[in-house]
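Quick note on numbering: the sequence shown equals residues -23 to -1, 1 to 302 in mature numbering (1 follows the signal peptide of the UniProt record, and there is no 0). Written out below as structure tokens is the structure these notes cover.
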Amino acid sequence: MNLSLRTLTLAAGCMLFAGQLMAEPKRPECIAPASPGGGFDLTCKLAQSALINEKLLSKPMRVTYMPGGVGAVAYNAVVAQRPADGGTLVAWSSGSLLNLAQGKFGRFDESAVRWLAAVGTSYGAIAVKSDSPYKNLDDLVQALKKDPSKVVIGSGGTVGSQDWMQTALIAKAAGINPRDLRYVALEGGGEIATALLGGHIQVGSTDISDSMPHIQSGDMRLLAVFANERLDEPEMKDIPTAKEQGYDIVWPVVRGFYLGPKVSDADYAWWKDAFDKLLASEDFATLRDQRQLFPFAMTGPELDTYVKKQVADYKVLAQEFGLIQ
């Protein structure tokens, strides 16, 4: 009897200890590594809403902004200064992986963080104001061929960024040297939209999910989306792909989250379990669709493998454009 009691007590203690290890983060935070209004902001706010809706968090996760280097400042800050903070998620995108492939995040590479979850994908796009003289991708290409210095293109990040790569691929297909294009480096989709609508740039190399609010308001048009086929959404079905206009370019923009490198296994497991539940939820699918994202669900070791392969593939592409040796 005493042995059984001791066994039950020990088991209860172990369960309590395990519960404490797997407890909800006390001060959950999502860092959007750019200014408000772009894709990183959208990614954090998607998780913020979904985690509350599914009752996985009891209080809303804070969203904070850490612009700089299209993710580089946040990456370095978390790895070097907050490596064990189990309550802090950081948003990433395919553009983050492209920058990692080129060494743009400084001394830290793709193995420096714990890749947690990918929650959806968007696609790259070429945006103009609604009254732009460019009506399709060929109009833009002809203007670039005539005089690339007269077309000011806004992109998130500098030469070699994801947005730069989209227009570089168009230029290459049209026989134009990408280095001749005239770029303005901006910090994410929010700034690109502001600059485009303000008349400071003529073209925005951006992301369809960042652009849709401005498309729906009638302020902007998309010349092309870099998807395999037209997107099956009522507000997107009339947007032509680059492929159907003769430019075989596809550029998905996967979005997700990572944690610091020294976050405990217990904290990592809590977040992975939370995102596994989210990604299987119909309510989450609805929230994702409302934010103009398409299904792409991956967590844990599977995501880590995906990230490492993507970085390797991007290194090959960067070498092709002479961005790295």
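Ideal Cβ placement from N, Cα and C applies to all residues, glycine included.
Quick one: give me the first and last residue of the beta strand (DSSP E) that Trp69 is part of.
Taking the first residue of the sequence shown as position 1, residue 69 is located at position 92. Taken as a continuous stretch (DSSP letters only), the beta strand (DSSP E) holding Trp69 covers Thr65 to Ser70.
Alpha carbon to alpha carbon, what distance is there between Trp247 and Pro211?
Residue mapping note: residue 211 aligns to position 234 of the sequence shown, counting from 1. Residue mapping note: residue 247 aligns to position 270 of the sequence shown, counting from 1. About 36 Å.
Please state whether DSSP places Pro229 in a helix, a strand or coil.
Along the sequence shown, read from residue 1 onward, the residue named residue 229 stands at position 252. Strand.
Looking only at C-alpha atoms, which of Ser73, Gly80 and Pro5 sits nearest to Gly165?
Residue 165 sits at position 188 when you count from the first residue of the sequence shown. Per the Cα distances, Ser73.
For the structure I just gave you, are there three or more beta carbon pairs, one from the region 85 to 97 and one from the region 263 to 281, closer than 8 Å?
Cβ pair count under 8 Å is three or more, so yes.
So what does Leu236 bridge to, in DSSP terms?
Counted from its first residue, the sequence shown places residue 236 at position 259. BP columns for Leu236 point to Arg91.
Alpha carbon of Arg59 to alpha carbon of Ile8, nearest angstrom
Within the sequence shown, the letter at position 82 stands for residue 59. Within the sequence shown, the letter at position 31 stands for residue 8. Rounded to the nearest angstrom, the two C-alpha atoms are 12 Å apart.
Would you tell me roughly how many angstroms separate the C-alpha atoms of Asp157 and Leu200, rounded to the nearest one?
Sequence index remark: in the sequence shown, residue 157 carries index 180 (1-based). Sequence index remark: in the sequence shown, residue 200 carries index 223 (1-based). Computed Cα separation, rounded: 21 Å.
In terms of residue numbering, what span does the alpha helix (DSSP H) encompassing Ala9 cover?
As a first step, residue 9 must be located in the sequence shown, where it is residue number 32. Careful: Ala9 lies outside any alpha helix (DSSP H), inside the beta strand (DSSP E) at Glu6 to Ala9.
In three-state DSSP terms, what is Tyr245?
For this step, residue 245 is matched to residue 268 along the sequence shown. DSSP places Tyr245 in helix when its eight states are reduced to three.
Please indicate yes or no: does the CB of Val293 lie closer than 7 Å to some heavy atom of the ligand COA?
Annotation note on the ligand COA: not contained in the displayed structure, which lists no ligands.
Got a sec? Which residues, its chain only, sit under 7 Å from Tyr291 by beta carbon, not counting five neighbours each side?
Numbered from its first residue, the sequence shown carries residue 291 at position 314. Taking C-beta separations shorter than 7 Å and ignoring five residues to either side along the sequence, the partners of Tyr291 in its chain run Leu74, Leu75 and Ala78, following chain order.
Nearest chain B C-beta to Leu28 closer than 8 Å, yes or no?
The structure shown contains no chain B; it holds only a single protein chain.
I'd like to check one pair, Pro10 with Met38: are the Cβ atoms closer than 8 Å?
Working through the sequence shown from its first residue, we reach residue 38 at position 61. Working through the sequence shown from its first residue, we reach residue 10 at position 33. Not a contact, by the Cβ cut-off of 8 Å.
For Ser186, collect the residues of the same chain with a Cβ closer than 7 Å to its Cβ; drop the 5 residues on either side in sequence, then sort them by chain order.
As a first step, residue 186 is located in the sequence shown; it is residue number 209 there, counting from the start. Counting only Cβ-Cβ distances below 7 Å, and skipping sequence neighbours, we find Gly16, Leu19, Ser99, Arg268, Gln269 and Leu270.
Straight-line gap, Gln143 to Ala(-1) (C-alpha atoms, nearest Å):
Taking the first residue of the sequence shown as position 1, residue 143 is located at position 166. Taking the first residue of the sequence shown as position 1, residue -1 is located at position 23. Taking the straight line joining both Cα atoms gives about 42 Å.
Could you pull out every residue in the same chain whose Cβ sits closer than 6 Å to the Cβ of Leu280, ignoring the five residues on either side in sequence?
Looking up residue 280 in the sequence shown gives position 303. Same-chain partners within the cutoff: Trp92 and Ala95.
What is the DSSP secondary structure of Asp124, counted as helix, strand or coil?
Residue numbering aside, residue 124 sits at position 147 when the sequence shown is read from its first letter. Note: Asp124 maps to coil in three-state DSSP.
Are the CB atoms of Asp108 and Gly237 within a distance shorter than 8 Å?
To locate residue 237, count along the sequence shown from 1; it is residue 260. To locate residue 108, count along the sequence shown from 1; it is residue 131. Cβ distance not < 8 Å, so Gly237 and Asp108 don't count as in contact.
What does a CB cutoff of less than 7 Å around Phe56 pick up in its chain, not counting 5 residues either side in sequence?
For the purposes of this step, residue 56 is taken as the residue at position 79 of the sequence shown. The sequence as given places Val at residue 56; Phe does not occur at that position. Cβ within range, chain order: Phe85, Ala89, Val90, Gly237 and Pro238.
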